[in-house]
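In this text, residue positions in the sequence shown follow our numbering: the first is 194, and each later residue adds one.
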Amino acid sequence: MRTQDQIERLQRTHSEPIQFQKIVSNEQIEELKNYYYNSKEVIQKNTGPRVLYIDDHPFIETITQYLQQYYLPFKVRSAHIFEVNKPHVVHIDDDFKYPDIYKGFVIPLETIGAPCDRAKFVVFDQYYYDGPAKFFNGEEKDFTETYYNESITDYTNVHGTVNKEFPKHLKVTLLNHLKSEWLQGLSINAYFPWTIGSVISFDSSALHSASDFNRAGITKKLGLSIFTELDNGTSD
């Protein structure tokens, strides 16, 4: 677990999630898709997603150099292309080494079955600072496979929980793949359309999830995730 000082250092770097439009060109999108589909290094996770780690791909340096102009100096701790046919549940993107995690960047690459803007990327107001986690309020501790993450079934240590019912219309229209109990105490900060070529930026310790894109007619989604940490000395 992080110390209170470590948590406060992370909190000083928080900012609102944002979506940068028209950042990645069609040529770059096609190159990344071809790189993924032609790779023999794709990993099948036991939780469903297929991933290809691409930390050393030239595109990662290109896009992070561009994004550096908007943020504190950071470095990439991991990057991967992911393919999913079911939406992600609520989670954060942390590391058990407890680095000074900073921003996560997600780049939509493709949807199959329906237009990309029918899928949404949802960022909640709440934060969690004690390592990689998925959130299943009210369940037994190890009721499901989580690959690397810890299952959080009690939201006591989730920062910023609210004492009000999650709006039913948002549950139905955005997050119908999640149990109502899993959303207790949570509130939505923002949600962004899965626009191909955009870059969605958010705090890695902020709870986030996919929308129920299957309900919107999308059978597959492809994206690129980049997770960063602060360079030493930049967070104070």
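Note that the Cβ used here is the ideal one computed from N, Cα and C, for glycine as well.
When DSSP reads this structure, Arg243 sits in a beta bridge with Gln237 and Glu276. Within the same chain, and ignoring the five residues on either side of Asp318 in sequence, the residues whose Cβ sits closer than 6 Å to its Cβ are Gly353, Ser380 and Asn382. In the structure shown, the three-state DSSP call for Asn382 is strand.
Straight-line spacing of the CA atoms in Ile200 and Tyr322 works out to 7 Å.
Using a Cβ distance threshold of 8 Å, Gly241 and Arg311 do not count as a contacting pair. For Leu417, there is no enclosing alpha helix (DSSP H); the residue is part of the beta strand (DSSP E) that begins and ends at Lys413 to Leu423. For Leu302, the enclosing beta strand (DSSP E) covers residues Ile294 to Ile305. The bridge partners DSSP lists for Tyr320 are His352 and Ala399. DSSP lists no bridge partner for Ser391.
With the rule of 3 Cβ pairs closer than 8 Å, the segment 372 to 379 does not count as touching the segment 269 to 276. Taken atom to atom, the span from the alpha-carbon of Glu422 to that of Tyr291 is near 10 Å.
Closest option to Leu265, judged by alpha-carbon separation, among Leu203, Arg408 and Asn342: Leu203.
One thing to note: Val315 has its Cβ within 8 Å of the Cβ of Ser404.
Around the Cβ of Pro360, a 10 Å sphere holds fewer than 16 other Cβ atoms; the residue is exposed.
Per the C-alpha coordinates, the member of Asp293, Val355, Ala307 and Val283 positioned closest to Glu343 is Val283. If you look at Phe252, you'll find it isn't in any beta strand (DSSP E); it sits in the alpha helix (DSSP H) that goes Pro251 to Leu260.
Taking C-alpha positions only, Thr349 is separated from Lys334 by approximately 14 Å. Following the DSSP letters along the chain, one finds Gln212 inside the beta strand (DSSP E) bounded by residues Ile211 to Phe213.
For Glu343, the enclosing beta strand (DSSP E) begins and ends at Glu343 to Ile345. In the displayed model, Arg195 falls within coil according to three-state DSSP, outside both helix and strand. DSSP places Lys361 in the uninterrupted alpha helix (DSSP H) bounded by Lys361 to Thr366.
Contact annotation: the segment 384 to 391 does not touch the segment 250 to 265, with fewer than three C-beta pairs closer than 8 Å. Secondary structure at Arg270: strand, using DSSP grouped into helix, strand and coil. In this structure, the straight-line span from the alpha carbon of Gln212 to that of Thr346 is close to 30 Å.
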